[in-house]
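Taking it in order: structure first as C-alpha cells, then the write-up.
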Amino acid sequence: MHHPLSLYNTLTRKKESFEPLHAPFVGVYLCGPTVYSEAHVGNARGPVVFDVLTRYLRYLGYTVRYVRNITDVGHLESDADEGEDKISKMARARQLEPMQVAEQFANLYQRHVEVLGCLPPDIQPRASGHITEQIELIQEIITNGFGYEVNGSVYFDVPAYNAAGRGYGKLSNRVVDELLAGSRDNLAGQEEKRSPLDFALWKKADARHLMQWPSPWGQGFPGWHLECSAMSRKYLGQMSDIHGGGLDLMFPHHECEIAQSQGSHSHTDEARVWMHHNMITVNGAKMSKSLGNFITISELFEGTNATLSQAYSPMVARFFLLQAHYRSPIDISDEAMQAARKGYRKLMNGLRVLEKLVLPEGTERAADTAPADTELRKLTQDCFTGLNDDLNTARCIASLFNLLRKFNSYAANPTTLVQVSEAALTEAATAYRTLVQDVLGLQDEPRANAQDLLGLALSFYQEAKAAKDYAKVDVIRAALKEQGIVVKDTKAGVDWAYSEE
RNA sequence: GGUGACGUGACCGAGUGGCUAGGUAGAGGUCUGCAAAACCUCCUACAGCGGUUCGAAUCCGCUCGUCACCUCCA
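What follows is the structure in C-alpha cells.
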C-alpha cells in the first residue's frame with residue numbers, strides 16, 4: 059500500500075500520513091445524530107464525509123470496520139437541566155413512547171443518508187442497547203479514581219484526572235484553569251458536582267423520567283459522552299484508527315470521550331486520528347437546531363424551505379457537500395445549489411462520454427503515444443493527489459473536471475484518439491468512473507420520467523398509424539415490448555399495459 | 001472575557017513563497033437546419049496598511065470585518 063493518504067489529526071494539529079494500527083484493518087467511528095427530531099442538511103455532512111473516507115480506504119485496499127452510532131437515549135438540554143432529555147421531551151409533547159420517537163427519526167435519518175449515497179455502516183449501535191457496557195466503563199473510571207458518586211449520580215472528576223497529568227483539554231486545546239475562570243455562572247442545579255468542569259457519567263432519574271435503567275447507583279440513565287466511548291471500545295477495541303464528527307463535537311464531547319477512555323482501564327486516547335469536519339452555514343451563521351436557521355433534509359429534497367427556490371436532489375446535495383474540503387465551512391444558498399446541480403450533471407454526463415472513447419474504424423494508432431499518454435496520466439494522477447491530501451474532495455473534483463475536458467475533447471474529435479494509447483485511455487476512464495461512482499459515491503440520477511417518455515412514444519405510434527407507416531408502427535411496438543410494455547389499439551384510442559409474458 | 005478559525009474574482013470554492021485550481025454566471029468563436037451539449041478564447045481575484053524576501057494571495061505585525069467553540073448541537 060504505497061498510497062500516501064494523509065489526514066489532518068485534530069489531536070496533533072498536523073496532517074499525518076495515515077498508517078493503520080493493525081493493517082490491513084481500519085476501525086472508523088463517526089458520532090451519529092441524536093434522534094429527537096428530523097435531521098437537517100448540516101447533519102448530513104458527517105455521514106457523507108465519512109462515507110467518502112471509508113469508501114476511499116476500501117479502495118486503497120484496507121478492510122474497514124465503520125461504526126456510526128445512533129444516540130437514542132437523549133441528552134439533557136443542559137447541565138442545569140434537572141428534568142427531561144430531548145427525546146423524552148419530544149415523546150411527552152407528542153404523547154409517544156420515547157423509543158417510538160427515537161425509532162421514527164432514526165429510520166428517517168437512515169433513509170435520508172442512504173439516498174444521499176452513504177453506504178450502510180458496518181455497525182450502527184444504539185446507546186440504549188449498550189447500557190451494560192456504559193455502566194462497566196463508569197465502574198472502571200470510579201475504580202481508577204476519576205469518578206465519584208453523589209446521590210445516585212456519578213460524575214467524572216476533571217481536576218483529579220488533570221492532576222494525574224492526563225491532560226484534559228488536549229484535543230480542543232483548552233487549559234483547565236482558563237476553563238474554570240471562563241465558566242459561566244450556570245451552576246444552578248449542579249451543586250452535586252465538585253467542580254463545574256466535571257461532567258455526568260450517570261444521572262439519577264426520578265420516577266417521571268421516561269427513559270431509565272437500573273444501575274449500581276440506582277435508577278438512572280447514562281451521561282452525555284459515555285455511549286461513544288463504550289461503543290467504540292466494544293466494536294473497535296481500546297484504540298481505534300479514526301474517530302470523528304463535527305467541529306462542534308470537539309469540545310466537550312470528544313474531549314470527554316478521551317478523558318473517559320484514559321480514565322478507564324483502556325488508558326488510551328480512544329482513537330489515534332481525530333477528524334473534525336466543519337459546519338454548514340446559512341447566511342454565514344452556523345445551521346443549528348437551537349438557532350432555528352436550519353433546512354431539513356426533507357425540505358431540501360422537496361424545495362419547501364424559504365431559502366431555496368426549488369427542490370434539489372440527493373445527489374446534487376452530495377456533490378454540493380463534496381465540492382468543498384471537509385474542514386472548510388460551506389455556506390448553503392440557492393445560487394450555490396444551482397451551480398452545484400449543473401456541475402453534478404456535467405460530471406454525470408461525463409460517465410456517458412467514456413463509452414464514446416473508441417478509436418474510429420480504419421484509423422491506426424500513432425507510433426508514439428508517449429506525449430498524449432503522459433498528459434492523460436498526469437490528469438488522472440491529479441485526481442488522486444487531491445484525495446490523498448487530507449481527503450480534499452474539492453481538489454479531486456476539480457481534477458476530475460480537467461480530466462473530463464480531455465475526454466470531451468476526444469469524444470468531439472475521435473480521430474485525435476490515435477495519439478493516445480489504449481492502456482492510458484482505459485486507465486484514465488477507469489479512474490474517472492471509479493472515483494466518481496465508487497469513491498465519491500456520485501450516482502447518475504435518472505431525470506427522465508418514464509411515463510412521459512412512454513406518452514411520447516405512443517404519440518409517435520399514433521402518428522405512424524395515422525400515416526399508415528406500418529413499418530414504423532411495428533418498430534415502435536417492438537421497441538416498447540422490449541421494455542415490457544404492450545401497445546393496445548382500442549376503439550377509444552391507443553392505450554398500453556405491462557406485458558403479461 | 002478565554003480559545004481558535006477565516007476574509008480569494010458576479011456567486012460558490014481550491015491553493016499557503018515563484019508554476020492554469022475547478023464549478024456556476026458573463027462575452028466572443030467553432031460546430032449545428034435551429035438549439036442543446038461539447039470544445040477553443042476571454043473577462044472579473046487574493047479585506048486594508050506596513051514589514052520580511054530577488055519574489056507573497058501564501059510568512060510576520062497592525063487595523064477593519066466575519067464566524068465558531070467555551071451549554072445540547074454534525
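Numbering (the numbering used here), first residue to last: 59 to 559. Quick reminder that beta carbons are idealized off the backbone N, C-alpha and C, glycines included.
Glu207: member of the beta strand (DSSP E) spanning 205-208, first to last residue.
Tyr124 is not a Cβ neighbour of Pro82, given a cutoff of 9 Å. In the displayed model, Phe83 falls within a strand according to three-state DSSP. DSSP places Thr362 outside both helix and strand once states are collapsed to three, so it counts as coil. When Cys89, Lys404, Tyr114, Ala185 are compared, the shortest CA-CA separation from Asp447 is found for Tyr114.
Taking the Cα of Tyr384 as reference, the smallest distance to any Cα among Ala515, Leu305, Ser211, His267 is reached at Leu305. Segment contact: the stretch 257-267 against the stretch 278-290, three or more CB-CB distances shorter than 8 Å; contact assigned. For Asp299, the uninterrupted beta strand (DSSP E) segment begins and ends at 298-304. Between Tyr370 and Phe359, the CB-CB gap stays under 9 Å.
In the DSSP assignment, Asp389 forms a beta bridge with Thr339. For the options Gly420, Ile390, Lys526, Asp256, the alpha carbon positioned closest to that of Met345 is the one of Ile390.
When beta bridges are read from the DSSP output, Ser211 appears opposite Val208.
A check of alpha carbon separations from Leu475 across Tyr490, Ala425, Tyr519 identifies Ala425 as the nearest.
In this structure the stretch 303-318 lies against the stretch 220-237, because at least three pairs of beta carbons, one per stretch, are closer than 8 Å.
By the Cβ neighbour-count rule, Thr362 is exposed, with fewer than 16 other Cβ atoms within 10 Å of its own. Residue environment analysis places Tyr556 among the exposed positions, since fewer than 16 neighbouring C-beta atoms fall within 10 angstroms of its C-beta.
Phe257 and Thr488 have their C-alpha atoms some 51 Å from each other. Contact annotation, Glu191 with Ala288: C-beta distance approximately 4 Å; criterion of less than 8 Å satisfied.
In this structure Gln541 is exposed. Its beta-carbon is surrounded by fewer than 16 other beta-carbon atoms within 10 angstroms. Put simply, the backbone Cα of Gly499 is about 44 Å away from that of Phe204. Annotation for Arg535: Val545 place their beta carbon closer than 6 Å to its own, counting only its chain and skipping 5 residues before and after. Distance from Leu462 to Leu405 at the Cβ level is roughly 7 Å; contact confirmed, criterion being Cβ atoms closer than 8 Å. 9 Å or more divides the Cβ of Thr354 from the Cβ of Ile388.
In this structure Tyr528 is exposed. Its beta-carbon is surrounded by fewer than 16 other beta-carbon atoms within 10 angstroms.
Rounded to whole angstroms, the separation of the alpha carbons of Glu357 and Pro504 is 21 Å. In terms of Cβ geometry, Ala149 and Pro156 form a close pair [threshold 9 Å].
Between Ile189 and Pro274, the C-beta spacing is not below 9 Å. Measuring C-alpha to C-alpha distances from Lys251 to each of Val208, Arg291, Pro272 identifies Val208 as the nearest.
In this structure Lys464 is buried. Its beta-carbon is surrounded by 16 or more other beta-carbon atoms within 10 angstroms. With a contact defined as Cβ atoms closer than 8 Å, Ile199 and Gly321 qualify at about 5 Å. Taking a cut-off of 8 Å for Cβ pairs, the stretch 371-382 and the stretch 98-110 touch, as three or more such pairs fall below it. Asp299 counts as buried, since no fewer than 16 other beta carbons sit within 10 angstroms of its beta carbon. Partner residues in the beta bridge of His98, as assigned by DSSP, are Thr354. Straight-line spacing of the CA atoms in Asn460 and Lys549 works out to 56 Å. Taking the Cβ atoms as the reference, Leu437 lies roughly 7 Å from Ala486, within the contact range of under 8 Å. Distances from the alpha-carbon of Asp496 to those of Pro183, Ser186, Cys176 put Cys176 closest.
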